[in-house]
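Reading through the structure tokens given below for one structure.
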Amino acid sequence: MSETVKIMAVAEEPEETLSMNPKKFILWLFVVSIVMLFAAMTSAYLVRRAEGNWLEFEIPSIFWYSTVVLLISSVSMHWAYKAAKKDDFGVLRTAISITFAFGLAFLVMQFLGWQDLVAQNVFFVGNPAGSFMYVFTGLHAFHLISGLIIILFALRAAFKLKIHAKNLNQIEICATYWHFLDVLWVYLFGFLLYFN
Amino acid sequence: MASVETNAAAAAHVEEHDHHEELSFIRKYIFSEDHKVIAKQYMFSGVFWAIIGASLSILFRLQLGFPNLNLEWLRPILGNWIDDSGKLDKEFYLALVTMHGTIMVFFVLTAGLSGTFSNFLIPLQVGARDMASGFLNMLSYWFFFLSSVIMFGSLFIETGPASGGWVIYPPLSALPQAMSGSGLGMSLWLISMALFIVSQLLGGINYITTVINLRTRGMSFSKMPLTIWAFLLTAVLGLISFPVLLSAALLLIFDRSMGTSFYLSEIYIGGEALPNVGGSPILFQHLFWFLGHPEVYIVLLPALGITSEIIATNSRKPIFGYRAMIASMIGIAFLAFIVWAHHMFVTGMNPFLGSIFMFLTLIIAVPSAVKAFNYITTLWRGNIVFTPAMLFSIGLVSFFISGGLTGIILGNSALDIQLHDTYFVVAHFHLVMGAASAFGFLAGVYHWFPKFFGRMMNKTLGYIHFWFTFVGIYLVFFPMHYIGIAGFPRRYYSFTSYEAFRTFGDLNMFVSIAAIFTFAAQFLFLWNFFYSIFRGRKAPQNPWRSNTLEWTTPVNPGHGNWPGEIPAVYRWPYDYSKPGANDDFIPQNVPYSQTPESNLPHENALIALEKEIEAQNYNDQFKQPH
Ligand code: HEM
Ligand SMILES: [Cu+2]
Chain A
1 MSETVKIMAV
11 AEEPEETLSM
21 NPKKFILWLF
31 VVSIVMLFAA
41 MTSAYLVRRA
51 EGNWLEFEIP
61 SIFWYSTVVL
71 LISSVSMHWA
81 YKAAKKDDFG
91 VLRTAISITF
101 AFGLAFLVMQ
111 FLGWQDLVAQ
121 NVFFVGNPAG
131 SFMYVFTGLH
141 AFHLISGLII
151 ILFALRAAFK
161 LKIHAKNLNQ
171 IEICATYWHF
181 LDVLWVYLFG
191 FLLYFN
Chain B
1 MASVETNAAA
11 AAHVEEHDHH
21 EELSFIRKYI
31 FSEDHKVIAK
41 QYMFSGVFWA
51 IIGASLSILF
61 RLQLGFPNLN
71 LEWLRPILGN
81 WIDDSGKLDK
91 EFYLALVTMH
101 GTIMVFFVLT
111 AGLSGTFSNF
121 LIPLQVGARD
131 MASGFLNMLS
141 YWFFFLSSVI
151 MFGSLFIETG
161 PASGGWVIYP
171 PLSALPQAMS
181 GSGLGMSLWL
191 ISMALFIVSQ
201 LLGGINYITT
211 VINLRTRGMS
221 FSKMPLTIWA
231 FLLTAVLGLI
241 SFPVLLSAAL
251 LLIFDRSMGT
261 SFYLSEIYIG
271 GEALPNVGGS
281 PILFQHLFWF
291 LGHPEVYIVL
301 LPALGITSEI
311 IATNSRKPIF
321 GYRAMIASMI
331 GIAFLAFIVW
341 AHHMFVTGMN
351 PFLGSIFMFL
361 TLIIAVPSAV
371 KAFNYITTLW
381 RGNIVFTPAM
391 LFSIGLVSFF
401 ISGGLTGIIL
411 GNSALDIQLH
421 DTYFVVAHFH
431 LVMGAASAFG
441 FLAGVYHWFP
451 KFFGRMMNKT
461 LGYIHFWFTF
471 VGIYLVFFPM
481 HYIGIAGFPR
491 RYYSFTSYEA
501 FRTFGDLNMF
511 VSIAAIFTFA
521 AQFLFLWNFF
531 YSIFRGRKAP
541 QNPWRSNTLE
551 WTTPVNPGHG
561 NWPGEIPAVY
571 RWPYDYSKPG
581 ANDDFIPQNV
591 PYSQTPESNL
601 PHENALIALE
611 KEIEAQNYND
621 QFKQPH
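Chains as they are written, first to last, in the UniProt record's numbering: chain A, 1 to 196; chain B, 1 to 626.
If you want it as structure tokens, here you go:
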């Protein structure tokens, strides 16, 4: 009897209730809601595509280059994070600025991609195949702008020396969100290529 | 000199730290970040919307019950919505139905219910100072407020509010020229709902984060009150499904204002062909119901959680099947995402696919039944204390059962093809969702009123309110089953021109009279509510002799909820009438070492772990600079 009691007691070891920094947790939940937004969009795309009457067109090749640009920005974001961990403030500022610049470049390239689409006579108004293309890229760009704003805040904090090895929350949140936006684009681009 | 300076600096620091004690009126009561104030803001908004929503339903019930009634006397309020012959304008009837549904489902039973009780009870019951982010919480309320203002404003525009039903199916909702309500009213509906979704996401993210990260020492998931479980799962449902509605609404907005064809194809309107080709209106239904079905549980689960708490407390018995309750809520939440097409059996869906959705739908009856049985077995042989809150909770169980049974009927695609879009469906969801959740809200208000306002509500008025409402609701919705089986379609302005429907004219009149009676009974509640806020009897600290943590706070909890340390938790919340115990309840913060007389053998073994619980790390928001 006492043996079983002991075992039960061990099994009911009080768990730690503290698990994660609430702010970071909040960010992950935001990510979930954005994922659902795009999951709905891509499912709608598939359902609609299955019904036929689907316009086929070339995906602008500039999207390949913009993908690379966005990936590079993710690398420099990681570089910034590493620098913050080492209290290397000069590198931190440079790396955040590079990330921001590449993010902007990505947006410009997406816009050029839209112009390519227009040149192919694929418009926002018309066959849903084209409309979806604009909606995906546009919605992603909208979220990317929010990411850029968060980067600007991080940059300001970096100049005020508020980001350092003992205070990594802000840069971590910023980096997680940016990497997420990166992965999201890779997913969308791959999706559009595969299901074109 | 130097020491004087440091003193001044220290004083300045203290002052800075104390600043939140003396907030300005605006920061304290209007743009407040305190979860208790935000909860009250949601509560008053919810009550306001409930009055509006119910009044709209009385208007269309007048039309349905008394088709020849002269409504000229309403002209001062409704203006030109009363036509020249003194009757309700036909398109306005559709607007009324639409706005009634929208307001009740979203503004009252989603924002009003979750907003009030998740905000109020989550920090108090898990032992937290406040929500994870007070700022986001405040933002959530003000997004909701803005959304409310827009929706309310849309009631007063000349072309009328949205009129295509609360489900806003295209093409009716996508073409501004389709009917007058599809114009500006529909645009405002979409803007309002987009803001509403943002508000729900901000709120829900906060609820989830608070429950997971801000529990006090010892509050493991297996010691959490079922209310908290329900609020947590509700928030998860919202987090996953509301973004989908946002997507659907976004595409609809593009179709409406930019001319895309996501939902539109080959349409003639007024004899003229529209340029849109290639869209699919069914696509909208898929997206909508992917939210829409979870939404019905977003509305119901908090009410069920509130009921669990109230029934256990007032039966003076542990809740029957605590783990089964959690498991069935998780089961319901999971299944809620894979049954949406049962709203679409008549869209020309492949019958095989239909039978799959039918199968999945009928499985939901299993966890639902588990919950119903657990409530009944909790009541069974309890020392029941019939407080008004308890009566409303028992009423909820009754509605949940009688409305759930018709769900099983509707879930069969062969039967649904006959019953779809009739009053049978209206009866089903008003009982299982509308009445049940409204009872959850009322039960919660009666039960936690002492914690909200430090005063008690009047019991006798509560009893009268309960019986009038309970009987009234059955009188309204029970006959609707027959009207539905007889084939009456929903959202019809009048049935007088059909010979076959003549015989039911008096039944419709009866329903309308019952509705007016039930509506009138709610003023008893309103009076009791507002009167008690100012004049109610002063509440004791733990009026219902309940176990959960909120009753360990002062009668009027201040900023941060507990004046000293947050209590640690040692036991589950349902130790009622424990054999051997001195009292018939043992609050969660009483350690086993203090109750040797009632401990079970394995609980005695837990005494050794109490030190460990007390030493646990947890997020106390007051320990961090804020
Ligand atoms: C045993 C469980 C249930 C089953 C099998 C079930 C089944 C169904 C089905 C098949 C329909 C579609 C009827 C039609 O439009 O032709 C329906 C409608 C509806 N149900 Fe249920 N239901 C269940 C429980 C619930 C619960 C618990 C709620 C809410 C809390 C709910 C709320 C609704 C609503 C709001 C509608 C109507 C939506 C509309 O068309 O406006 N149901 N139900
Ligand atoms: Cu459903």
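Where a beta carbon is used, it is the ideal one built from N, C-alpha and C, also for glycine. Computed from a predicted model, the values in this text were never measured in an experiment.
- A/S76 is positioned such that its CB atom lies closer than 8 Å to that of A/I98.
- Chain-order list of chain B residues neighbouring A/N127: G278, by C-beta distance under 7 Å.
- Counting only the Cα atoms, B/K578 lies some 53 Å from B/F488.
- Chain B has no Cβ within less than 8 Å of the Cβ of A/F57.
- One thing to note: A/P128 has its Cβ no nearer than 8 Å to the Cβ of B/S173.
- Using a CB distance cut-off of 8 Å, B/M258 counts as an interface residue toward chain A.
- Under the 10 Å beta carbon count, B/T347 is surrounded by fewer than 16 other beta carbons and is classified as exposed.
- Against chain A, the CB of B/T552 has no partner CB under 8 Å away; the residue lies outside that interface.
- Contacts with chain B at 8 Å (Cβ-Cβ) do not include A/E172.
- Taking C-beta separations shorter than 6 Å and ignoring five residues to either side along the sequence, B/F478 has no partners in its chain.
- Non-local C-beta neighbours of B/V37 in its own chain, meaning closer than 6 Å and more than five positions away in sequence, are absent.
- If you ignore the 5 residues before and after A/S73, its C-beta comes within less than 6 Å of the C-beta of T99, F102, G103, all in its own chain and listed in chain order.
- In this structure, B/G181 places its C-beta atom within 8 Å of the C-beta atom of B/G164.
- In the DSSP annotation of this structure, the continuous segment of the alpha helix (DSSP H) that includes B/I228 starts and ends at 226-258.
- Listed by position along chain A, the residues whose Cβ is nearer than 7 Å to that of B/T347 form an empty set, because the closest Cβ is around 12 Å away.
- A Cβ of chain A is located within less than 8 Å of the beta carbon of B/A132.
- In the three-state scheme derived from DSSP, where H, G and I count as helix and E and B as strand, A/K160 is classed as coil.
- Interface annotation, B/I77: not in contact with chain A, CB-CB separation never under 8 Å.
- At a cut-off of 4 residues, the continuous stretches assigned as alpha helix (DSSP H) that sit fully inside the region 146-220 of chain B are 184-213.
- None of the residues of the region 326-342 of chain B has a beta carbon lying less than 9 Å from any beta carbon of chain A.
- DSSP places B/P318 in the coil class of the three-state scheme, outside both helix and strand.
- Excluding the 5 residues flanking it on each side, B/M186 has same chain C-beta neighbours closer than 6 Å at A162, S173, in chain order.
- Under the Cβ distance rule, B/P243 counts among the residues neighbouring chain A, one pair being separated by less than 8 Å.
- In this structure, B/F386 keeps its C-beta atom at 8 Å or more from the C-beta atom of B/A436.
- If you ignore the 5 residues before and after B/W572, its C-beta comes within less than 6 Å of the C-beta of K223, all in its own chain and listed in chain order.
- At least one heavy atom of ligand 2 sits closer than 7 Å to the Cβ of B/H343.
- For A/M133, none of the residues of chain B pass the 9 Å Cβ criterion, the least Cβ distance being about 11 Å.
- Contact of A/F124 with chain B by beta-carbon distance below 9 Å involves F254, M258, G259, T260.
- For B/H293, the shortest C-beta to heavy atom distance toward ligand 2 is below 7 Å.
- Using a Cβ-Cβ cut-off of 8 Å, B/L300 is close to nothing in chain A; its nearest Cβ partner there is about 21 Å away.
- C-alpha of B/V370 to C-alpha of B/T503: approximately 40 Å in a straight line.
- Taking C-beta separations shorter than 7 Å and ignoring five residues to either side along the sequence, the partners of B/G127 in its chain run R215, T216, M219, L549, I566, P567, V569, following chain order.
- DSSP places B/R455 outside any alpha helix (DSSP H), giving it a letter other than H or E.
- Contact fails between the region 83-90 of chain B and the region 501-520 of chain B, because fewer than three Cβ pairs, one in each stretch, are under 8 Å apart.
- Secondary structure of B/P351 (DSSP, three-state): helix.
- The beta-carbon of A/V47 is placed less than 8 Å from the nearest beta-carbon of chain B.
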